[in-house]
Structure formats: C-alpha cells, structure tokens
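Chemist: Chains as they are written, first to last, in this note's numbering: chain R, 1 to 1036; chain W, 10001 to 10494.
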C-alpha cells in the first residue's frame, strides 16, 4: 500500500502539478514560457516578435493586450487565447514555438499546465526572486519536526506528501559529517570519544561551537568563495605567468574566521579602497576586483582586452552576489530577465574607474599593489615612504625638465663608439635595495675644512669598518669590459692613515679585491686571494684609484653594480666615485639609451627574478612598445633620464640622492615582503559605452554608472555612483537577490544542493526554489541577524533536516532521487581538497600552518610542460620539499591553464570563470588517483605507521583505523573483512620482502625503519584500502 | 596469468552489467535522465554483450552518421596557408610591394604589426605542384601530404573571429573565445557516449615538437568539459611512464595485490551500499573496476610491439620515438581501432612571426609523414570510411611580412580572415578543394566557412544536428556552434 502511494507521488514529482493543485505562474508556468517563448516574446525589446511579450500581462505589448482584436491570453477563455491556439496548432506555419527556433513542441504535460492556468484565470506574478523578501512565519511545528524553524518549513512540505523527516543519523556519523562540513577535516578518534561521552544536553551544539571557533573553519569556507571569485596564482591567459595575490586568499580565510559580517565582507572586497582611511586589510580585500583573467599577449588589441576585463568583473559580480546571468545582456537586452543591454554597460561603467591597466605585463605584481608588512609599525613606514617619495620624485623630474629647458638636450645617439665619464657619488652615496640594511658608519661632511675631489662634500671613514662601504651606481647595471675603468678618490689622513684600503666590484660573480697598502691587513684569506694594487697612496692629498672589472674577475660582458670599499684602521676621506666607460655603440649603451636599457630588462621583468626597480616601472618594462600608453612611455623615459642617463648624473645628484635611499628602501620592502594586487580608483574613469552587438570595436551611446531598473535604485553618495555605492546597494536590505543567493550557497555547501539548484541563475531560466518560503525566511533571517555567517551556519547545522540519517529507501529513491524534499540526510562525495587533506590528516602528515605563499606539492611530471608557453615562468613545475608537500590543499599553487590533477580530477574548476557550485563526477580516473597518487599512497603508509606504533593487537589497530576513517566501529562483517584483507596482504609481503621495501619507499617522507618491513607494507595496503572506501570518500 | 583478464573472465555477466546498469540508474541527475532511457530504463540491457557503460543520449545520433569517431590534428600557432595549400603564383611578381589598401580594407591587424610602416607582400619561398588525380596544389613543404590529396578535402576558405592565440584556440576548440565553454570532444563524449568500456571516450595527445624560440601555449580548456559534467573532459594520454595519470600502481604493489585490495574494496562498498542505499556507491564500484581494466588496456594500447614492420615502415623511423607526432598518429589509429570516440593531437610551434621559411620547414618535418601515414593506415584497415580526420590551425597567416622581408626570409603575422583546413574520411569527399581566397590570400572570395560552419559539419558527419544539440547552462541552451546561424558544408560531403 505504502509503495503504491509512493509510486503515485513519484509521478507527481516528475510532472509536478497534481490534478487538484492550483497552478502558480512562478512555479509552473514561468519555466515553460521562459524556456520556450521569452527568447522572442520577452524582455529583449530589440528582438520582440509581433510586439508581443509574454513575461508580463498588462502593458500595451503584454499578453492580455488586444492587437487587431486578437489577444494572446484571455483569462478563463481558451478559445479566445491565441497563445493556446498556437501551441496546439497542427499547422507548421502557425505552431509555436516555430520550427526555426529549433525548440521541440511543448510536451503534453506542459500544454496541460498552460491550459489549466488560463482556465484558472491566467494570473501573472512578478518573478519570485525579484520580489522583496518578507520573512514568512514558520509553519506550525509538527510533532516529529521539533521547533527549529528550518525543520518546520521542511516538515510542512514533507507533510503535503505524507512524508516526514528521517531519524537522526548515528552520533559518530553525524560528528564526522559536521566536522568535515565545518572544517574540511575528519574528526579524530579522541574527538569522537569525547562527543560520545558527552551525555549532557547540548553536546552537539558544543561541538558546533568548537568547530566554528577552529581556524580550520575559515580555511574550509574560504575555498568555496575562492571558487566563486575565481582566485588563482596565475594570470590565466597566454603566458599564464605568476600573479602574486595570495594575501587576498588569506584575507578571505581570516574574514571567515573572524566572522566578518557578509555585508562588510562584500563592501571591503568590492570597494575597500574607497572607504575612509582604509586599513591595509581592507585594501587587500579589494584584490577581489583583480581576480580577472588577464593577458599581455603580443598581438592583443587593447579595446578588446579592456572590454573583456570589464565584462569579467560584471559577470562575476552579478552571478556571485545577485544570481543574475548579466552577460546575456552584453549583445542585446536579456531575453529572459529584465536587464537591458544599456543597464549591462551601466554596471560595467562602475568598474571603469579601476586604476589597473588593461595588460598584466606578464609580471607578478602589476600596479596597483599593496605591500603587506604584517606589523603596524612597518606598515606605517611603508605608507610614509610613499608619501615622502612622490614629492621628491617630482622635484627630481622638475630639475631634469629644467635642464632640458635650459638647452641641455639629450644626446643624439648613434651606433658609433663613445667614451664618457659617469659619476655615481659626488656629495652623497646611493643606497640600493640590497645595501639598504647595511649602512656603514661613514658620514658625508661638507664645509671649508673638508677636502673634496669634486662637488661640496666628501665621505669620512674612520677606523676599520665592520661592514664595507658601498659606492653604487644606484640601479644602473654596468657591463664589465676591458675598456671600462671604475674610479674612486682617496685622501688618507696624514695624522692617522689607514693600514690598507681595498676595493671590490659588486657582482654576482666571484671577484678579487684590489688592495692598496698592507696586503695582510684584511686577514690571511683575503691576502691570498686579493690583487695587490700598490702601496697606500701618499696621505694628505687625493689620489684617483682606478681599476677594471675584468681584471678583478668579472667576465667580459657580465654585470656589476658598483664598488665595495673596505678600510683597515686609520682615517680617510673618500670622494667622487664613478667610471669612465667606452661603449662600442652609444645607442646600445643602457646608460645612455633608454631603449637599450629597457631591452636589457624586458625579459627579466617578466621573470620572477628580483629586479631593483619598483613594480610600476617593472610593469612598464614588461610591456611591449605598442602596449605602453603615452603616460607609460613618458614614465619610462623620465625614469631613465632622471635616474640612469649618464650625462645628467652630476647635475641631478642632489635631487637624485635625496629620493634614491627612500626608493631603495621601498623597493627593498617590495622585494622582501608580501605584495598583493589591490584596487584603486582613477580620478576620471574610462568612458563607458554600449557596445553594439557586444563588439569591442563598435562603441555606441556613452553611458554612466547604474544598476538594472527592476531592482531597487542605486543611491550614490557623490555626484557619480562608485564601486562603494554599488557594494552598498548589493547588500542593502531591500535588495531582493543578495541574501537569497547567499543563503542558498551556504545551504548548498552544507546540504549538497541548494534550495535553488541553479545557484548562479535566480532569473527566469533558473530553477525555482524547492522551498520558497524557507528560502525567504532564511534570507530574511540572515539579514536580520546582521549578515552573521557563523550564526547562519549554526542555524543550518543545528536543524534536524541537516542531522537526518542519509539512508535512502528504495521507495524514497524512486520518489525523490535527488533529495529535493529533504526526507533524508544529504550524502555526497567530498571535494578534491577535502579528499587530499583528509588523507594527509589521517596519515598525520598535515601541516597546520595557515596562509602564506602558495606551495607546490607532488604533481606528476608533464602537467605544465606540454602546454605552457616557452617563455612562461610557469612552464616548469618544480616541486617543493619537506613540509610544503603536506600543507592544506587550499595553499596549492593554482595555475589556471593547467590546474593540479589532484584537483581537476575531482571536479575542481579551472578558476578561469566564476564557479558557485562544483559538479560531482564519479570516474575511473578518480579511482586511479585515490589508489595510486603518491600523495594518497604516502598518506596511507604514514597512517599505517601510526597504527603500528600505537598498539600491538591486530583487532585494536584495525578497529582504530576503521574508526579513524569512518568515525564508527566496524560491524562484525566488516571486522572479518578487515582481518581477511590484512591476512592476504601479510602473507603476500612476507613472501615478497623486496616488494614490501618498495612499498615503504613511496613518497618523500622516510618510513620508520624500526618497523618490520613486510608487516608495515601489509598495513599500508590496508590503509590504502581504507582511504578508498566509498564511506571515506563521502560525507555520509 | 594476467589477474585482470582472470577477473574479467570470472565476472558473470549478471554481476558486471547489473553493476553498470544500476550505476547508470544511480546517477539520477537531471542531465542523465535522457541517458537512462537510452540505457534501457533500468539499464539492464537485453543483450548484455552490447551493453555500454556510457551510452549515447536518447535520440543520438540524430541520423545515420558517416563517421563514428574523429581524429583532430590541431596545428597550434597557426600554419601559413600561403606556404602550404593556398597557392598564389601571382604574388611572385609583387615581392616587397605594399599590400593594396583595396585588399586590406582597413581590417584590424594585431598590435604586433599595427605599428609597421609598411605591409610588404612576401610571396611564398616554396614551390607548389599539383598532385594526385585531383591535381590539388600543395607546396613542397608537405611531400607526404601530397601523396594523400585524393583522400582529403582542402578547405581554403575557413575564417575565425579571433586574431590572437589564446582566444583563437579557445574559439577553435569550444566555439567561443571566452573560456568556460565545452570543447568539441566533450560535446561528442556527452552526446554519443563511448563504445569502449575500458578506455575514455575522449583522448588528447600533446606530442613533442622541434624547439622554437617560444612556442605558443596550449590550455587545458581546449579539451575540458566546461559546463558539461567533468566526466566528459578529454583525458590526456601522456608519453611518460604513466600514459594516463596515476595509472601505475605504486612501487611494490603488483596487479595481484591491487586486485586483492579491490576485491576487499568491492565487498566493503557493497556493505556501504546496503547501509545508505546510495546509487553513487554502485557507480563507484563500477568505476574502480574500470580503473583496474584500464591498468591493462592502456599499456596494451600504447605498446607498439605488435605492429607489423610494414606498418612501422609506413610511419617511418620517428614512430619509434615515444611522444613524437608520428608516434601519436599511430597511437591515434590504435585508439580509433578500439572505438575511442575522439582523439585530439595538438602539435605546437607553428607561430612564425619571423624566420618562417626555416621554422615552417621544421614544423612540417615533424608532422607531414605522420599525417600521411595515419590516413594511409586508416585506409588500408577500412577505418577511414567511418573515421573523420581534421587538420587545422587556429588561424592563418598574413601575406605581408612581419619584420624584415628579404629574398630568403620573412615572417607572417596572425590572419583570421582566411586559412586552410583539410578533412578526410568519414563522409568527406576526397580529392576536393573548396573555397577560394583573393590573389593575396587575404579575403575569401568564394564559399566562406566559419569555424561554426566547420563544427556544424563535423557534428553532421557524426550524425548530429548541431541545432538540436544543446545543454542548458547559465539559463541558455548552449551550443557548440553558438547562436548565430551556422551551416553544414554539404558540398564537401559525400
């Protein structure tokens, strides 16, 4: 009897409208009209057949309106309803949908719905998701449902089908479910014991609190968000080079852990930079806007790339927060939802103020970036530096401009040889990012008593210097040639002359010192290797010390950046350092020609190498000439002229040396501290246009910032709406979409599927909610509780609906295969990251460290190499060693064009597009990965080692192991199976000790050598089995 | 004894197919509903021997196909049509003359050459001759391909929307420049399923190529499933120790041990199924068994030792070099022989902005003989009749020289407005040349074929009406051929 009733119900679900049920436009009719009619009779005014729209009733073009006496729909009158006549017409030329739409005829069930809807009065409703959210009162509590509001809604729906909530899952199973869901890691046997032992009421709630407070919670919840916003560690297009934006990833983790309210979470990501006096973390959050796919492909066309970047931002923001398929309106008005093409580009206009340039320059840190110091004092210093440097740079440029204005033009460069002198230090020395922390005791003096070799000041060094002193050329790279002579002037104190002085070239190569005076003065090692250049020059006057880099061991053609001075005892004045350079070709000399200079840096700028220039300049260097805009060309030219160009050095020294130490300090921080891509707003945004037919080269009417008119109005604080206004609009309580979309995503995460099963489409073409009232209640509750995410998660996991047993009876499976009714607990395969982390945790290998640069764990050879561009810095995968192999998967380096196989095999997205819900495939490739991937197998071996070191009894070990993976005690049958399995492998490896040795040698960590080898190998196979159990791979 | 074969032999039909059938029933997501029907309701087929783990969608193919499988030879980087198939003898007289504005018509060009002061015409340095009964013109860069011209149809009038590699490759393979759409192979796997229960339906090969300064990149999105279920993603068969990722057991684990572990696993998982009654558990049991079968079937697939001397001679010496393009061609034949639905070979290095004569020669040395041997081999085995072979880059190259033009050297920039593609077998007319470009191979003057047209044609050969082949994603009926009208190029079909 029961079966019979359930079979009837099955039909009801399949064709959802029972005969007696009244027809709802939103639930029953809209999906049919949307899918079959709206493309030509919907919101797209540009493509509306017969001036008829069927998404609306009462406008002149609406379904009720009369056209020459014909009305598409006449409520309660099928005969007069043209729509009805058309869908049942047997004639091809009348039939709707028409043949050329390639839509099949409506199915009988669909026709029946339309029929009954018209008969019942053809009542239209506004699309449910665009209606304001009211908080409906939860239905009355049913006896078995308890008082939890979620359960009252769920039970109410179940009751209409004579069903009820299932019994609660066994406690161990529930604990594993909850622990995996909230932290992405399995519970330990100790945690299971503690939970089972806690007989007092509220035990479950206490576990929820413990897990919500765990830092693992934030890591786990961040993952879903990072999928949504397509976070990755490479640019995604063409070279797919490294992009450094991981501090944003860490910000997301922290935001979940400190329970940043979701509205604030939203505002800081979209527009943290526009908040008053934004903190560093609020700037880091704006990395959201920088997660776009980007390119610097040589032939790419700027307008096209710019349009794509903006579209990527609009489409992602619309999908993630609003559940709108906005991109449908890029070429024409949206055909299903009321978003016009104009409104699409108005949304885009809001992002047109972002300062980052269209190209990524193939560098890891295209501006704007933030340096993340980690401590407030240093952070403040970094801010101060920026503030101090800007005016000094301005002064320097102004001075150089005045030189030009005064008639001192730049040299005309030819291919002919040239000899010239360049002075690095006249009245002060230059500090480079490397020497930044190593300032010696020497001091520049000026005044009538100071002897100078040039300029107005000289450097006094007294006594032996603990650290050498540097005369550097700033960031000028000098090329060693036999005809290049470097020099410095020395004036030994007549009263207390040094015992010796030495000069050394600063170079990556191993060089020899030149020593003047007592060769033994710097110790025997140096004496053995140094070149004795001569006696100490006579004190009391300047001597020019000259030396050639090639003589010191810098190979011809290699680079050096200056001289390192050492002095033994005594006192001396040092002054006027530089070089006399003979170049074979003036126009190829980087110190004279900006083009030659830029050429030498172009490739290195793209590499991940440390280049002693600031990121903004490095960026310009990374661009091809055609990619640089006028401003960038000028910046490059000015930089070369002001900082490098030899003929100007002497006259610009004061201004250059004023800014250089600060710049060096700034570059030093950029090179040594984490940096991350952030957002900043241009003073004047780029113009936004409607792009005709979505073509990048057909800009139409110009538009300003705006949002779709069918949603509440966008309020702007200033004259023009900004990203901050948009962010506030998104999380305004009256916005009908954000809360619905967000609670649905959390529901989906915990229940395996959303109440709306199309999480990125809440529009007309999306699925309607399975529990509309529940969705609205949850959305309203989320807003009412201040967008408190932890509170919301707590609300869901404490429901009986969540805690149900997952057993699916055959009847229920037939009735409701995808568990839309929630008459049983959710059961689904764990995500890629959780599978790997779980194995590492069970093996005791998992490293607890939170955050930091991405790591490169095991990856089979030949994943990156066969696909990557020859010049890409992610061409070759170099695996990390040690602890980095065992970090949580969240920290695995994400290369968009070839993500880790351990991820994509298990449905992780490529992070090329927003992804608000992963698929869950079930493939043989997954089986192979779980059985054979070294990460999994090493974890099994380490797991076995833990068991062997624990106790000596097989039964105890097996029970403990089984409990570790499933959280429950094995049944009798399972115990027998476990023992049999162990016996099989034991007998095999006792006979094959060499194979057993090999088993233990898998993976980089060393197996415990004190354990008996065959036994260890046999247990490894047992744990390999346990890590592959269906029950282990699922949260049950 | 091979434990894998033992195991399969020992499986009763009932066990095996009940498992597979229930597995299908179990994956009860909406997208699988039509598949269920095709699998015969509950999936327990009347004739167990013909049961397929991955059957086609209900109603597929739409009509009798002329091709059951496809081999797609992608020449990544953009081969020059001017130096291979699109013979323009008149250009010799125009050496170093400026490309007439009447030809360029202000069309966009990439930013690599948009700054050039001149667009000097660079006639091909290669000699063309007519070959075969058809008299198809082919340059002497392709002596081996010249021998099969009567089996192939050269389409000289293909055009694309994208002008740079990344979007052009994405467009070629997924029908859209924007990442995120499903690839051609994934569409076919989804629609037509697999006729081999031991190998993936869609296999990708990325052979070695002779080194160039900077070869363009490939992207996994070129074979990924996009919005389709990920099980339809292409599986890259690698020339490394593990042809399929994680195929090999860990060191110290032999097939017997793996079998023993799987026997235990299956028992545990059946208990789990009893506990939760989740159909996915049965699917998982079946997938572990397929994984085990792949451990045998894949090494057997990649082992060429059974190939006759005559066959190896047909392919030439490079076939013995693992991971070469030629070896990939033989592997492709072995794959289609096993009824693998889609084989995609992506050969890189064709992006000659400079030094084209020399580097294109090297590219052709890599690939020419393999293409010839593949067609000849398929033909001699009767496989060419129902196997479609396609040879295509993502775009063509410009008639004008990028950088310096000399009597012996030139480069060519990207040219999306026309390029040459050839197809063979599976319903394609051999010995045909279709479409025509102007005297500069710059614009198409007759019978243009868009990439959407090309894809519509490929689908047609495989028995699919491209307009009826859609998947709902993001509120839209997504199609490989997009929303603009596309046409099956029936003129090149038998």
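Ideal Cβ placement from N, Cα and C applies to all residues, glycine included.
Rounded to the nearest angstrom, what separates residue 843 (chain R) and residue 258 (chain R) at their Cα positions?
Modeler: To locate residue 843 (chain R), count along the first chain from 1; it is residue 843. To locate residue 258 (chain R), count along the first chain from 1; it is residue 258. Approximately 29 Å, taken between the alpha carbons.
Chemist: First and last residue of the beta strand (DSSP E) that includes residue 699 (chain R)?
Modeler: Residue numbering aside, residue 699 (chain R) sits at position 699 when the first chain is read from its first letter. Looking at the DSSP string, the run of the beta strand (DSSP E) that includes residue 699 (chain R) is 699 to 703.
Chemist: Taking only three categories from DSSP, how would you classify residue 1042 (chain R)?
Modeler: Residue numbering for chain R in the displayed model covers 1 to 1036; residue 1042 (chain R) lies beyond these limits and cannot be assessed.
Chemist: Only counting the same chain, and skipping five residues up and downstream in sequence, which positions put a Cβ closer than 6 Å to that of residue 54 (chain R)?
Modeler: As a working note, residue 54 (chain R) is residue 54 in the first chain. Within the same chain, residue 54 (chain R) has close Cβ partners 33, 37, 41, 63.
Chemist: Determine whether the Cβ of residue 1036 (chain R) lies closer than 8 Å to any Cβ atom of chain W.
Modeler: Locating residue 1036 (chain R) in the first chain gives position 1036, counting from the first residue. For residue 1036 (chain R), the answer is yes, since a Cβ of chain W falls inside 8 Å of its Cβ.
Chemist: Taking the alpha carbon of residue 10302 (chain W) as the point to measure from, which residue in W:10489, W:10289, W:10329 has its own alpha carbon closest?
Modeler: To locate residue 10302 (chain W), count along the second chain from 1; it is residue 302. It is W:10329.
Chemist: Check whether the stretch 954 to 967 of chain R and the stretch 10202 to 10217 of chain W are in contact - that is, three or more C-beta pairs closer than 8 Å.
Modeler: Touching, no, given that fewer than three Cβ pairs across the two stretches are closer than 8 Å.
Chemist: So does the stretch 123 to 130 of chain R actually touch the stretch 927 to 944 of chain R, counting three or more Cβ pairs closer than 8 Å?
Modeler: With a cut-off of 8 Å, the stretch 927 to 944 of chain R and the stretch 123 to 130 of chain R do not count as touching, because too few Cβ pairs lie within range.
Chemist: Mark residue 698 (chain R) as exposed unless 16 or more other C-beta atoms lie within 10 angstroms of its C-beta, in which case mark it buried.
Modeler: One-based indexing of the first chain puts residue 698 (chain R) at position 698. With fewer than 16 other Cβ atoms within 10 Å, it is exposed.
Chemist: Among W:10356, W:10153, W:10218, which has the Cα closest to the Cα of residue 10166 (chain W)?
Modeler: Taking the first residue of the second chain as 1, we reach residue 10166 (chain W) at position 166. Of the listed residues, the one whose Cα sits closest to residue 10166 (chain W) is W:10218.
Chemist: For residue 966 (chain R) and residue 188 (chain R), what's the separation of their Cα atoms in angstroms?
Modeler: Within the first chain, the letter at position 966 stands for residue 966 (chain R). Within the first chain, the letter at position 188 stands for residue 188 (chain R). Near 10 Å, if we compare the C-alpha coordinates of residue 188 (chain R) and residue 966 (chain R).
Chemist: Nearest-angstrom Cα distance between residue 10098 (chain W) and residue 10397 (chain W)?
Modeler: Here residue 10098 (chain W) refers to the residue found at position 98 when the second chain is read from its first residue. Here residue 10397 (chain W) refers to the residue found at position 397 when the second chain is read from its first residue. Going from the Cα of residue 10098 (chain W) to the Cα of residue 10397 (chain W) covers about 16 Å.
Chemist: Residue 862 (chain R) touches chain W at which residues, Cβ-Cβ below 7 Å?
Modeler: Start at 1 with the first residue of the first chain, and residue 862 (chain R) comes out as number 862. 10238, 10240, listed in chain order.
Chemist: Considering only the beta carbon of each residue, do residue 829 (chain R) and residue 227 (chain R) sit closer than 8 Å?
Modeler: For the purposes of this step, residue 829 (chain R) is identified with residue 829 of the first chain, where counting begins at 1. For the purposes of this step, residue 227 (chain R) is identified with residue 227 of the first chain, where counting begins at 1. Not in contact: residue 829 (chain R) and residue 227 (chain R) (Cβ atoms no closer than 8 Å).
Chemist: Between which two residues does the beta strand (DSSP E) holding residue 10388 (chain W) run?
Modeler: Taking the second chain and counting its residues from 1, the one referred to as residue 10388 (chain W) is at position 388. Counting along the chain, the beta strand (DSSP E) containing residue 10388 (chain W) begins and ends at 10387 to 10392.
Chemist: I'd like to know if the stretch 10235 to 10245 of chain W and the stretch 10385 to 10400 of chain W are in contact, where contact means that at least 3 CB-CB pairs between them fall below 8 Å.
Modeler: No: fewer than three Cβ pairs fall under 8 Å.
Chemist: Is the Cβ-Cβ distance between residue 787 (chain R) and residue 278 (chain R) less than 8 Å?
Modeler: The count along the first chain starts at 1 and reaches residue 787 (chain R) at position 787. The count along the first chain starts at 1 and reaches residue 278 (chain R) at position 278. It is not a contact, given that the beta carbons lie outside the stated cut-off.
Chemist: Taking the alpha helix (DSSP H) that residue 10173 (chain W) falls in, what are its first and last residues?
Modeler: Taking the first residue of the second chain as position 1, residue 10173 (chain W) is located at position 173. First-last of the alpha helix (DSSP H) with residue 10173 (chain W): 10165 to 10174.
Chemist: May I ask you to report which of helix, strand or coil DSSP gives residue 10336 (chain W)?
Modeler: Indexing the second chain from 1 puts residue 10336 (chain W) at position 336. It is helical.
Chemist: So, are the CB atoms of residue 10419 (chain W) and residue 10158 (chain W) less than 8 Å apart?
Modeler: On the second chain, residue 10419 (chain W) is found 419 positions in, with the first residue counted as 1. On the second chain, residue 10158 (chain W) is found 158 positions in, with the first residue counted as 1. Yes, the pair counts as a contact, with Cβ atoms nearer than the cut-off.
Chemist: Would you give the residue range spanned by the beta strand (DSSP E) that residue 10472 (chain W) belongs to?
Modeler: Counted from its first residue, the second chain places residue 10472 (chain W) at position 472. Where residue 10472 (chain W) is concerned, the enclosing beta strand (DSSP E) stretches over 10470 to 10473.
Chemist: Determine, using beta carbons only, whether residue 10264 (chain W) and residue 977 (chain R) come nearer to each other than 8 Å.
Modeler: The residue you call residue 10264 (chain W) lines up with position 264 of the second chain. The residue you call residue 977 (chain R) lines up with position 977 of the first chain. In this structure, residue 977 (chain R) lies closer than 8 Å to residue 10264 (chain W) by Cβ.
Chemist: Can you give me the C-alpha to C-alpha distance between residue 407 (chain R) and residue 401 (chain R), rounded to a whole angstrom?
Modeler: Counting from one through the first chain, the residue named residue 407 (chain R) turns up at place 407. Counting from one through the first chain, the residue named residue 401 (chain R) turns up at place 401. Rounded to whole angstroms, residue 407 (chain R) to residue 401 (chain R) spans 10 Å at the Cα level.
Chemist: 8 Å is my cut-off, CB to CB: does residue 10042 (chain W) come that close to chain R?
Modeler: Within the second chain, residue 10042 (chain W) is the residue found at index 42, counting from 1. Legend: pLDDT at residue 10042 (chain W) = 35, less than 50; position of this residue unreliable, value from coordinates given subsequently. Residue 10042 (chain W) does not count as touching chain R.
Chemist: Just to confirm before moving on: does the CB-CB distance between residue 223 (chain R) and residue 833 (chain R) stay below 8 Å?
Modeler: The residue you call residue 223 (chain R) lines up with position 223 of the first chain. The residue you call residue 833 (chain R) lines up with position 833 of the first chain. Yes, the Cβ-Cβ distance between residue 223 (chain R) and residue 833 (chain R) is below 8 Å.
Chemist: Just curious, the beta strand (DSSP E) that residue 486 (chain R) is in, first and last residue?
Modeler: Translated into positions along the first chain, residue 486 (chain R) becomes position 486. First-last of the beta strand (DSSP E) with residue 486 (chain R): 485 to 492.
Chemist: Buried or exposed: where does residue 593 (chain R) fall if 16 or more other Cβ atoms within 10 Å of its Cβ makes it buried?
Modeler: For the purposes of this step, residue 593 (chain R) is taken as the residue at position 593 of the first chain. Under this definition residue 593 (chain R) is a buried residue.
Chemist: Could you check which residue in W:10327, W:10283, W:10174, W:10483 has the C-alpha nearest to that of residue 10220 (chain W)?
Modeler: Here residue 10220 (chain W) refers to the residue found at position 220 of the second chain. Taking only the C-alpha atoms, the option nearest residue 10220 (chain W) is W:10174.
Chemist: Could you check what DSSP says for residue 218 (chain R) in three-state terms: helix, strand or coil?
Modeler: Working through the first chain from its first residue, we reach residue 218 (chain R) at position 218. If DSSP states are grouped into helix, strand and coil, residue 218 (chain R) belongs with the helices.
Chemist: Using the Cα positions of residue 10496 (chain W) and residue 10171 (chain W), report the straight-line distance between them to the nearest angstrom.
Modeler: Within the shown structure, residues of chain W are numbered from 10001 to 10494, placing residue 10496 (chain W) beyond reach of any answer.
Chemist: Can you list, in chain order, the residues of the stretch 10154 to 10188 of chain W whose Cβ is nearer than 7 Å to any Cβ on chain R?
Modeler: Listed by position, the residues of the stretch 10154 to 10188 of chain W near chain R (Cβ gap below 7 Å) are 10163, 10164, 10165, 10166, 10179, 10180.
Chemist: Just to confirm, are residue 10198 (chain W) and residue 10075 (chain W) a CB contact at a threshold of 8 Å?
Modeler: For the purposes of this step, residue 10198 (chain W) is identified with residue 198 of the second chain, where counting begins at 1. For the purposes of this step, residue 10075 (chain W) is identified with residue 75 of the second chain, where counting begins at 1. Taking 8 Å as the Cβ cut-off, residue 10198 (chain W) and residue 10075 (chain W) do not qualify as a contacting pair.
Chemist: Which class does residue 890 (chain R) belong to by DSSP, given the choice of helix, strand or coil?
Modeler: The residue labelled residue 890 (chain R) in the question sits at position 890 within the first chain. Correct three-state label for residue 890 (chain R): helix.
Chemist: Below 8 Å between beta carbons: does that hold for residue 563 (chain R) and residue 503 (chain R)?
Modeler: Numbered from its first residue, the first chain carries residue 563 (chain R) at position 563. Numbered from its first residue, the first chain carries residue 503 (chain R) at position 503. Yes, the pair counts as a contact, with Cβ atoms nearer than the cut-off.
Chemist: Skipping 5 residues on each side, what residues in its chain have a beta carbon closer than 7 Å to that of residue 10500 (chain W)?
Modeler: The question about residue 10500 (chain W) has no answer, for chain W in this structure spans 10001 to 10494.
Chemist: Give the residues of chain W in contact with residue 336 (chain R), contact being defined as C-beta atoms less than 7 Å apart.
Modeler: Taking the first residue of the first chain as 1, we reach residue 336 (chain R) at position 336. Those are 10475, listed as they occur along chain W.
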